[in-house]
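With mature numbering (1 follows the signal peptide of the UniProt record, and there is no 0) as the guide, the letters of the sequence shown map in order to residues -22 to -1, 1 to 737. Glycine included, each C-beta is placed from N, C-alpha and C at the ideal position. On a predicted model such as this, the values are computed, not experimentally measured, just so you know.
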Amino acid sequence: MKRLLSALAAAGLLLVGTPASAAPADGGRIPVKPAPATQVWATRPASYQPGGTVQQRLRLDIENLSPRVVTAGADSVTISGKVVNVGDRDIFDLELRLERGDPLTGEEDVRHALREPAGAESVQPWFTPIAGELRRGESKPFSLTVPVNGPGNTSLRIDQPGVYPILANINGRPDYGDRARLAALSTLLPVLAVPGGATLGAPPNPAKITLLWPLADRPRMVSGGLEPVLTDDDLATSLALGGRLHSLLKAYESALDGPLGSAVCLAVDPDLLRTVQAMSRGYQVRDQGAGKGRNDAELWLAQVKLLAGGRCVVALPDADADLVALSRAKLADLSALANKGADTVREVLQVQALPGLAWPEDGVIDQQTLSDLVAQGITSLVVDQSAVAGTPGTGPVRLDAGAGKPVTAVRVDGMVSDALRGPVVARPVAGITTPSETLPVSVQNALAALAFRTGFQGDGRNVVISPPRRWNAPTGEVNTFLQITKSLVAGGFATPLGLDALLGAPPERTAALSYPVEAGAQEVPPAVTADVAASWHELQRLHGAMNQQDAESTKPGALVDPLRQGLLRSVSGAWRGNEAGARAALAIADDQLGALRGRVTVSEPNSPILLASADSPIPVTIRNRLDVRITVRIVVEDTPGIIAQQLPDQVLPARGDRQLTVPVEVLRSGRFPVHIRLTTPDGVELGERARLEVSSSAYGTITIVITVLAGALLVLLSARRIFRRARASRSAAAAPPAPARGAPADAGGAVTPEKSSTS
């Protein structure tokens, strides 16, 4: 049974809002879009099959559960909605009953029920027929009212206040099958008073409620300036009437009215403010043209300014950056930039955010991150209860950051806030623009947890409530949560306490940090932060090569700061568990960095460069299209046949060109390419390398030396040959002539001439 309940409860729910009150006709507030008259909790219907397979048959849409908290005026519980046949067979004899389990008496029981639905078999009233036949694709409405208490199997038989597990259970018979449970929905029902019976009174020491209200989104800015560019136009939908951020802002406005107002603190992402401000001036959507949300952005931002004036405001890390991931990557400078979001809040909203306060993503940090934050001037934190696991109490605690610098940490109530988030595995994708609910009855379970904290514990504890950063619950559920929270305060079960007052209280005790393993698994991965670090260091070196031309020129920071913000967006907490999203954001930042480097270039000549002599220099034209001066180094790549001399670093004027000559020594004649590139003095590549065609007919020094040596050798060889011939001639002249051929020799061997004869 528990496996079945767990599987059913893990199924997604679609929630639609309850009616919203009409907007005041003062012209200064955002109008409220009429919401549907009902809310919907839709099961993803299933019948559990042997072997663990789940086969969809029926969807149960609970459009109304009333009341959400049982008080003395409620003598029954009503659920209504519709059933939809989503299977491949007709269904017959559909019946519904509302079951309940034993009251949850301890905190651990409630926590366990929030993680895994508790059993609800203690009281099982009779089944009530709701449809005799339901054809494939057909839907039929239903309504069931069950008395809170009463005799027999016709009521829930609740006789004492408490927090009760309840289960809406539908049975039916599919065609060609046996009767089975086809759909079920489990949640918790808080009972503060039993009609005609026991009533839970306000405790003498009521809980102290603090409500943090986040306004955040995933990063969407591509570039700012006179014509900002966004990745998509989903934010326009979110800011418009009925959108997610519009609805959350209306809920914040509602929370400020009444007894809860002093306990509410707005927590806003500076990057969201910066993006909406850019949209309000007109913007473009990448590859789509002009954006459609200018007017909605202007109205939404004006309303935030109006509501935040003079009230508690917390600046989230800029772009809701993952502070732990930055610390692990040794990106202290980027982390410091993330913690300067209060400056943006002051510039955009004209309000001062609580100084020196950081609220990390998921409310957890490790010891190294704490040390880095303290070095950046952080003096207080908002952390999740799991960040100081094992520390008793609920008030602020002292964290030891070393070097005698204690930090005050306010703890978010884990039970209520975790119930609003729902199970980790079922959390929605960040950045949903319209209200929709994919979490199992998260608001109803959070109401039960809050009722338990305020009504059944009664120990004066601090209850700091924090909805998810990018909460996507529908308007009706958000309004219901706030309405019942206000009722608990008005009924004396809780008192409001502002975050600034809570921070001002002396810490109860010193706590040690505990970084949950599951939080580490969700961090922006090291592979991404390593690439971010490489781009960050390159950008910093590029900035170091820039300098301002005069007092009226563009400051280097004006060019570099938007790129720093782009790198910060690539480590946003919105990308925790989403490496692809982080990579896409980093690609945008890297493209912009490449474009900035590409504005300083070497020009390629249209025709080959002719060198008249061996030491003729190569003319080079370098261009700077930046609005600031920049120091560059000319690098001639190794080329066979040429030896280049290194020029001193050159300062290029803003928007200026410079023609230079690079001294070279030509080692041979011919035509060959020479590649020249620009870098900053510490090696950052600028632009693309230029290819110059060089033609030379001159002989280099080595060539001349070789020619001279060859000529000298030729002369020596020729002289040697002449000398040998002359010596041979002199030797031949000094030798006696040889005897004629056939002449007789005398006794001494000499040849004697013959006597002549006459005829």
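Inter-residue distance for E530 and P540 is about 20 Å (C-alpha atoms, whole angstroms).
Contact annotation: I612 and V642 have beta-carbon atoms that are not nearer than 8 Å. If you draw a straight line from the Cα of I596 to the Cα of T532, it is about 33 Å long. For A310, the uninterrupted alpha helix (DSSP H) run begins and ends at A310 to A316, by DSSP.
Closest option to G498, judged by alpha-carbon separation, among N42, T106, S305 and V614: S305. Here the stretch 498 to 516 does not lie against the stretch 465 to 481, with fewer than 3 beta-carbon pairs under 8 Å apart. Inter-segment contact for the stretch 283 to 292 and the stretch 509 to 528 is absent: fewer than three beta-carbon pairs are separated by less than 8 Å. For R636, the enclosing beta strand (DSSP E) has its first and last residue at D635 to V640. According to the DSSP assignment, S216 belongs to the alpha helix (DSSP H) that extends over D212 to L217. A distance below 7 Å between beta-carbons, with the five flanking residues on each side excluded, links V124 to the following residues of its chain, in chain order: S54, V55, L76, P103, S133 and L134. Between A286 and L244 the beta-carbon gap is near 6 Å, inside 8 Å, which marks them as a contact.
In the structure shown, the three-state DSSP call for S444 is coil. Counting other Cβ atoms within 10 Å of its Cβ, P445 reaches 16 or more and is therefore classed as buried.
If you draw a 10 Å sphere on the C-beta of L564, you find 16 or more other C-beta atoms in it, and that means buried. Contact check between the stretch 90 to 97 and the stretch 179 to 186: fewer than three CB pairs, one atom from each, fall below 8 Å, which does not count as touching. The beta-bridge partner set that DSSP reports for C243 consists of L190. Note on geometry: alpha-carbon atoms of L425 and L517 lie some 49 Å from one another. T507 and L359 have their C-alpha atoms some 24 Å from each other. For P626, no alpha helix (DSSP H) encloses it, and the DSSP letter there is neither H nor E. By the criterion of a C-beta distance shorter than 6 Å, K318 is surrounded by no residue of its chain, once the five residues flanking it on both sides are discounted. Bounds of the alpha helix (DSSP H) holding Y230 are R222 to L234. With contacts defined by Cβ atoms closer than 8 Å, A161 and R37 form a contacting pair. Rounded to whole angstroms, the gap between the alpha carbons of A704 and A690 is 21 Å. Taking the C-beta atoms as reference points, L217 is found no nearer than 8 Å to G269. Contact check between the stretch 342 to 349 and the stretch 456 to 466: fewer than three CB pairs, one atom from each, fall below 8 Å, which does not count as touching. Per the DSSP secondary-structure output, Q262 pairs in a beta bridge with V207 and A268. Between N127 and G84, the C-beta gap is not smaller than 8 Å, which leaves the two residues out of contact. Between P237 and A489, the CB-CB gap reaches or exceeds 8 Å. Taking 8 Å as the cut-off, the Cβ atoms of R447 and P197 do not count as close. Taking a 10 Å sphere around the C-beta of D195, we find 16 or more other C-beta atoms and assign the residue as buried. S133 sits in coil when the DSSP states are folded into three classes, being neither helix nor strand. Distance from the Cα of T165 is smallest, within the candidate group A275, V652 and V88, for V88. By the criterion of at least three beta-carbon pairs nearer than 8 Å, the stretch 275 to 284 is not in contact with the stretch 308 to 318.
In the three-state reduction of the DSSP assignment, K118 falls in the strand class. By the C-beta density criterion, H515 is exposed, having fewer than 16 other C-beta atoms within 10 angstroms. By the Cβ-count criterion, Y154 is exposed, with fewer than 16 other Cβ atoms from all chains shown falling within 10 Å of its own Cβ.
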